[in-house]
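Novice:
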Amino acid sequence: MHELKTPVSTINGYLQLVQAHLSKRDDKKLLGYTDNIAEQVHRLTSLINGLLNSSKIRAVGFDYQEKIFDINEVVTATIKDVQKTTNTHKISQEGIVVRYVKGDRERISQVLINLLINAIRYSPNTNKVIVRIAVKDNKVIISVEDFGIGISKINQKKIFERFFRLKNPDDETFYGVGLGLDISSQIVHHHKGKIWVESTEGKGSSFNFSIPVLNPRKVIHNQSIQGLL
Ligand code: ADP
32 MHELKTPVST
42 INGYLQLVQA
52 HLSKRDDKKL
62 LGYTDNIAEQ
72 VHRLTSLING
82 LLNSSKIRAV
92 GFDYQEKIFD
102 INEVVTATIK
112 DVQKTTNTHK
122 ISQEGIVVRY
132 VKGDRERISQ
142 VLINLLINAI
152 RYSPNTNKVI
162 VRIAVKDNKV
172 IISVEDFGIG
182 ISKINQKKIF
192 ERFFRLKNPD
202 DETFYGVGLG
212 LDISSQIVHH
222 HKGKIWVEST
232 EGKGSSFNFS
242 IPVLNPRKVI
252 HNQSIQGLL
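Right, here's the structure in full:
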């Protein structure tokens, strides 16, 4: 798999040489062409990186750093981080829970990041995304709702498959790799949780995941996080 990277970096190297020569000659037309090549090489590099990351996960499993963490804090902090990357959408949180989860904080945050990025990306003509957090039957449920393009019933079944992407011929900005949901569902399943979607085409989607929370009484007796309570 890593052999994929070598020819691409070689192409990149030569491309930079060609660009340096063309700038000396001030050849604007050819420089314009090389800019297009550079953009496509860049796109290819991110596709390969996505592919390598995902196959690495499948081959050796994620490297999970388990600890007990406050799920509400992760949700709030992740929203704050993703909010900084967009000036088109306002992300709001509805609900607050006081619950602890045993697992990998960064990976769970990654799931929420993936869902939020999708929610923003696939709702280009709206300006809000809502994150809901609630507890039911010893599980925390986190939902990300957008008011965007939505997903048809038939595609909802395929959406978590690896490399599944909906073709959107009239919008080039929607390009991605089709790995975000595959990786997210692997992380959620590792935490013994579930991930699912509810959506209406043309109205929007709600991507939800649930993970088990620790029994609050057990948490109080756990020495390692007494400082947190
Ligand atoms: P990517 O977004 O990189 O293509 P994902 O695995 O994150 O990969 O998503 C797979 C496909 O699911 C996307 O190509 C898109 O068609 C669809 N999708 C994901 N999230 C949403 C959303 N919030 N609204 C509409 N479609 C979505």
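For the sequence shown, the positions run 32 to 260 when our numbering is used.
For glycine and all other residues, C-beta sits at the position ideal for the given N, C-alpha and C.
All of these numbers come straight from a predicted model, not from anything done at the bench.
#1: Please state whether the Cβ-Cβ distance between Val228 and Ile173 is less than 8 Å.
#2: Could you please give the first and the last residue of the uninterrupted alpha helix (DSSP H) stretch that includes Tyr45?
#3: When every heavy atom of the ligand ADP is checked, does at least one fall within less than 7 Å of the C-beta of Ser236?
#4: Keeping to the same chain, check which residues put their C-beta closer than 7 Å to that of Phe240; ignore five residues upstream and five downstream.
#5: Can you tell me whether Gln257 is buried or exposed, with buried defined as 16 or more other CB within 10 angstroms of its CB?
#6: With H, G and I counted as helix, E and B as strand and the rest as coil, what does DSSP make of Pro155?
#7: Specify the secondary structure class of Gly235 as computed by DSSP and reduced to three states.
#8: Beta carbon of Gln218: closer than 7 Å to some heavy atom of the ligand ADP?
#9: Can you tell me whether DSSP reads Gly77 as helix, strand or coil?
#10: Consult DSSP for Asp135 and reduce its assignment to one of helix, strand or coil.
#11: What is the DSSP secondary structure of Glu203, reduced to helix, strand or coil?
#12: In angstroms, rounded to a whole number, what distance separates the CA positions of Asp57 and Gly63?
#13: Residue range of the alpha helix (DSSP H) that Gln217 falls in?
#14: Between Arg163 and the ligand ADP, is there a pair consisting of the residue's CB and a ligand heavy atom that are separated by less than 7 Å?
#15: I'd like to confirm something about Leu48: is its beta-carbon nearer than 7 Å to some heavy atom of the ligand ADP, or not?
#16: With a 10 Å radius around its C-beta and 16 neighbouring C-beta atoms as the bar for buried, classify Val129 as buried or exposed.
#17: Evaluate Ala51 with the Cβ neighbour count: other Cβ atoms within 10 Å of its Cβ, from every protein chain shown; 16 or more gives buried, anything less gives exposed.
Specialist: By the coordinates alone:
#1: No; because the gap between Cβ atoms is not below 8 Å, this pair is not in contact.
#2: 36-56 is the span of the alpha helix (DSSP H), which, as asked, contains Tyr45.
#3: Flag set: Cβ of Ser236 near the ligand ADP.
#4: Once the five neighbours on either side are set aside, the close Cβ partners of Phe240 are Val142, Ile173, Val219, Gly224, Lys225, Ile226.
#5: Residue confidence for Gln257 is low, a pLDDT of 48 falling below 50, so the modelled location carries little weight and cannot support an answer.
#6: The answer is coil: DSSP assigns Pro155 none of H, G, I, E or B.
#7: When secondary structure is reduced to three states using DSSP, Gly235 falls in the strand class.
#8: The question names Gln, yet the displayed sequence has Ile at residue 218. Incorrect: Ile218 has no Cβ contact closer than 7 Å to the ligand ADP.
#9: Per the sequence shown, the amino acid found at residue 77 is Ser instead of Gly. Ser77: helix per DSSP, three-state reduction.
#10: Coil, per DSSP.
#11: A caution first: Glu203 carries a pLDDT of 48, below 50, which makes its placement in the model unreliable, though a value can still be read off. Assignment of Glu203 by DSSP, reduced to helix, strand and coil, places it in the helix class.
#12: In this structure, the alpha-carbon of Asp57 lies about 11 Å from that of Gly63.
#13: Per DSSP, Gln217 belongs to the alpha helix (DSSP H) from 211-221.
#14: Taking non-hydrogen atoms of the ligand ADP into account, the C-beta of Arg163 is found less than 7 Å away from none of them.
#15: No, Cβ of Leu48 sits at least 7 Å from all heavy atoms of the ligand ADP.
#16: So Val129 ends up on the exposed side.
#17: The residue in question, Ala51, is exposed, as its Cβ has fewer than 16 Cβ neighbours within 10 Å.
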